Each structure stands twice: as structure tokens, then as C-alpha cells.
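Residues in the sequence shown are numbered consecutively from 1150, following my numbering.
Cβ coordinates follow ideal geometry from the N, Cα and C atoms, glycine included.
Here the structure is a predicted model, which is why all the values come from computation and not from measurement.
Right, one structure below, let's go through it.
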Amino acid sequence: MTHPILPKGVNAAIKMIIDIAEELTEIMEQEARALMLKDQMGFMNAQGEKTRLTNNYEQACVEFKERAEDFKAADAMLVKKLEQAQANLLKQTNDNNEVMERLQERTGGAQ
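The following block contains the structure:
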């Protein structure tokens, strides 16, 4: 069984999820820059941190769902900030997927 990573307090837990989402978005931005610059070392360096953050984010989301009723009492401004952090993460994920697809098309066409 995985140990909980979120604090007991709902506002503190939301802040932690926001922090993880923002860090993950940032590392994915670094990954995208490395891909566009064909910086293999930069890309590889981002992978370990991305994996760690992705695992933490997934665990935090599981815990959030398990405690959904508790989070109804959370500060509304924090919830909005969380929604924005999640939207930014989704956008960066989609952007990275597009970059990867373009690179695959280029390398696939060059073979």
C-alpha cells in the first residue's frame, strides 16, 4: 500500500497538488525545449524528475478523489488556482505530444 503524500488539511493538500502540477508543467517545458533543440542530454536529464513528479501527481489525484467530500470545504480561490494549474499541465502535455509527433514524422520520413 502506498503511503499518503497529501497533508490532512484540505487547503494544504490543494496547495501541494498545485505545487506538483506547476513543477511537472515546468519540467515538461524543459523537455519540450530540449526536444526542439535536439538536446538529447537535456531531454534525458528531465526524464527522471518528470517520472518522479508524474508519480507524485498521480498519487495526489488518487488521494484527492478518495477525499473528494472533504475538499468541498476548500478555499474557493485555491480551487480556482488548482483548476488553472491543471489546465496549464494539460496544455503542456498536449504541446509536448505535438512536438513528439512532429519529430516522429520527420524521422520516419527520413528513413
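Here A1225 is exposed, its C-beta having fewer than 16 other C-beta atoms within 10 Å. Taking C-beta atoms under 8 Å as the contact rule, N1245 and T1174 fail to qualify, at a distance of about 10 Å.
C-alpha of K1164 to C-alpha of L1231: approximately 8 Å in a straight line. The alpha-carbon of A1222 is positioned some 9 Å away from that of N1160. A Cβ-Cβ distance of about 7 Å is found for the pair G1191 and Q1179, placing them in contact under the 8 Å criterion.
One thing to note: E1212 has its Cβ within 8 Å of the Cβ of P1153.
A Cβ-Cβ distance of about 33 Å is found for the pair V1228 and L1184, leaving them out of contact under the 8 Å criterion. K1157 carries a coil assignment under DSSP once its states are collapsed to helix, strand and coil.
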